[in-house]
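>
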Amino acid sequence: MSIKLIALDIDDTLLTSQQKIAESTKLALTEALNKGIKVVLCSGRPLAGVDHYLDELGIDGDDQYVITYNGALVETASGKVLSRKTIGNPDYRRIVKFVEAHKMQYYVLDDDSNVYTSNHNINRFAVIQAWENGAGIFVREPDELADDFEIAKAAVVGEKDVLDQYEQAIKDEFSDEYYVVRAGANFIEIMHPDVNKGKGLTTLAEILNLEPDEVMAFGDEKNDLPMFDFVGSAVAMGNGSDLAKEHANYVTDTNDNDGIAKALKKYVL
Numbered sequence: 332m333s334i335k336l337i338a339l340d341i342d343d344t345l346l347t348s349q350q351k352i353a354e355s356t357k358l359a360l361t362e363a364l365n366k367g368i369k370v371v372l373c374s375g376r377p378l379a380g381v382d383h384y385l386d387e388l389g390i391d392g393d394d395q396y397v398i399t400y401n402g403a404l405v406e407t408a409s410g411k412v413l414s415r416k417t418i419g420n421p422d423y424r425r426i427v428k429f430v431e432a433h434k435m436q437y438y439v440l441d442d443d444s445n446v447y448t449s450n451h452n453i454n455r456f457a458v459i460q461a462w463e464n465g466a467g468i469f470v471r472e473p474d475e476l477a478d479d480f481e482i483a484k485a486a487v488v489g490e491k492d493v494l495d496q497y498e499q500a501i502k503d504e505f506s507d508e509y510y511v512v513r514a515g516a517n518f519i520e521i522m523h524p525d526v527n528k529g530k531g532l533t534t535l536a537e538i539l540n541l542e543p544d545e546v547m548a549f550g551d552e553k554n555d556l557p558m559f560d561f562v563g564s565a566v567a568m569g570n571g572s573d574l575a576k577e578h579a580n581y582v583t584d585t586n587d588n589d590g591i592a593k594a595l596k597k598y599v600l
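Shown next as structure tokens:
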């Protein structure tokens with residue numbers, strides 16, 4: 332069965348270690364698009380943190396798609412929301428109460444790419460997220476926000492050794508009711524229980540009437556595993572985690588050594 336949709340994680344997959352899209356990747360994805368294959372960025376980032384990569388790849392309009400917030404939103408490339416799963420205000424308040432009590436640094440994102448935190452000493456990873464969105468940071472306590480304020484994602488952030496100490500406590504508190512994932516060395520993310528990249532991709536495949544065997548996914552980390560479990564062809568980057576490689580059908584070269592282009596030329600183009 333031929334591949335009709337290519338799903339791509341962004342950080343450490345689509346992007347090189349220099350935070351650029353390799354020229355080989357652009358050429359291969361352009362060839363795929365020209366063949367009528369959907370190219371779908373599937374990221375923990377919000378739309379504002381993805382837009383410029385969509386522009387760079389020439390992905391636009393309501394017949395192209397993007398999966399953001401690890402699957403909380405499935406949207407067209409022009410921003411039309413097809414599926415939305417957010418965390419309501421009482422649960423948002425519960426998360427903030429827990430992280431504040433444990434003196435954790437964090438931020439939350441609403442479904443319009445805005446970054447909020449009640450931390451006054453703002454962690455550098457929250458700053459990076461806001462910079463990626465081309466936005467600032469709203470420093471607010473829950474009581475300063477509307478009673479119907481909802482979030483698409485919460486992220487506890489910090490240096491790897493700090494998050495190593497926090498991870499189990501966060502999972503013990505929230506895993507029974509939310510989707511909790513260590514999205515990278517510096518992020519532990521909390522989302523709606525029906526959210527992950529695999530479920531977002533499943534939703535999009537159903538909308539497009541595609542079978543899993545018609546979908547290929549590229550990724551490198553734990554939050555890519557649900558996507559790998561859904562698709563017929565899962566490709567782990569050579570720079571990816573051992574866990575990602577174990578869950579993949581294929582392991583390609585690294586993000587700095589044309590890994591995406593090499594896999595697409597071998598299996599798709």
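FYI, the numbering for the sequence shown is 332 to 600, going by my numbering. From the three backbone atoms N, C-alpha and C, an ideal C-beta is built for every residue, glycine too.
In the segment 421-497, which residue ranges form an unbroken alpha helix (DSSP H) of at least 4 residues, counting only runs that do not cross its ends?
As far as the segment 421-497 is concerned, its whole alpha helix (DSSP H) runs of at least 4 residues are 455-463.
> Rounded to the nearest angstrom, how far is the Cβ of A353 from that of T347, given a contact under 8 Å?
In the sequence shown, the residue the question calls residue 353 occupies position 22. In the sequence shown, the residue the question calls residue 347 occupies position 16. Yes, A353 and T347 are in contact; Cβ-Cβ is about 6 Å, under 8 Å.
> Taking only heavy atoms of the ligand NAP into account, decide whether any of them is closer than 7 Å to the Cβ of P557.
Absence of the ligand NAP from the depicted structure is noted, as is the absence of any ligand whatsoever, leaving it without description.
> With DSSP run on the structure shown, which of helix, strand or coil describes G590?
Position 259 of the sequence shown, counted from the start, is the residue given in the question as residue 590. Helix at G590.
> So for K530, helix, strand or coil by DSSP?
Sequence index remark: in the sequence shown, residue 530 carries index 199 (1-based). Here K530 sits in helix by DSSP.
> Taking DSSP's pairing of strands, which residues face G515 in a bridge?
Mapped onto the sequence shown, residue 515 falls at position 184. DSSP output for G515 lists F518 as bridge partner(s).
> DSSP three-state label for M568, please.
Here residue 568 corresponds to residue number 237 of the sequence shown, with the count starting at 1. It is coil, neither helix nor strand.
> Where does G419 sit, in a helix, a strand or coil, going by DSSP?
Your numbering for residue 419 matches position 88 in the sequence shown. DSSP places G419 in coil when its eight states are reduced to three.
> Would you kindly check if the distance between the Cβ of G569 and the Cβ of G590 is under 8 Å?
Along the sequence shown, one-based indexing puts residue 590 at 259. Along the sequence shown, one-based indexing puts residue 569 at 238. In contact: G590 and G569 (Cβ atoms closer than 8 Å).
> Please confirm whether K369 and L336 have their CB atoms less than 8 Å apart.
Position 38 of the sequence shown, counted from the start, is the residue given in the question as residue 369. Position 5 of the sequence shown, counted from the start, is the residue given in the question as residue 336. Cβ distance < 8 Å, so K369 and L336 count as in contact.
> What distance in whole Å lies between the Cβ atoms of I538 and A486, which are believed to be in contact at a cut-off of 8 Å?
Here residue 486 corresponds to residue number 155 of the sequence shown, with the count starting at 1. Here residue 538 corresponds to residue number 207 of the sequence shown, with the count starting at 1. That belief does not hold up - the Cβ atoms of A486 and I538 are roughly 27 Å apart, past 8 Å.
> Which residues mark the beginning and the end of the beta strand (DSSP E) in which A579 is found?
As a first step, residue 579 is located in the sequence shown; it is residue number 248 there, counting from the start. Per DSSP, A579 belongs to no beta strand (DSSP E) and is neither H nor E.
> Helix, strand or coil for G641? Go by DSSP, reduced to three states.
Any property of residue 641 remains undetermined from this structure, which presents the chain solely from 332 to 600.
> Would you check if the distance between the CB atom of N464 and the CB atom of S449 is smaller than 8 Å?
Here the question's residue 464 lines up with position 133 in the sequence shown. Here the question's residue 449 lines up with position 118 in the sequence shown. Cβ atoms of N464 and S449: not closer than 8 Å.
> Tell whether a beta-carbon distance below 8 Å holds between L378 and G410.
Taking the first residue of the sequence shown as position 1, residue 378 is located at position 47. Taking the first residue of the sequence shown as position 1, residue 410 is located at position 79. Taking 8 Å as the Cβ cut-off, L378 and G410 qualify as a contacting pair.
> How many angstroms separate the CA atom of N401 from the CA atom of M522?
On the sequence shown, position 70 is the one that residue 401 refers to. On the sequence shown, position 191 is the one that residue 522 refers to. Their backbone Cα atoms lie some 8 Å apart in a straight line.
> Measure the beta-carbon distance from Y384 to I341 and round it to whole angstroms, keeping in mind my assumption that it falls under 8 Å.
Sequence index remark: in the sequence shown, residue 384 carries index 53 (1-based). Sequence index remark: in the sequence shown, residue 341 carries index 10 (1-based). Correct: roughly 7 Å between the Cβ atoms.
> Got a sec, what are the start and stop residues for the alpha helix (DSSP H) K357 sits in?
Here residue 357 corresponds to residue number 26 of the sequence shown, with the count starting at 1. That run of the alpha helix (DSSP H) goes E354 to N365.
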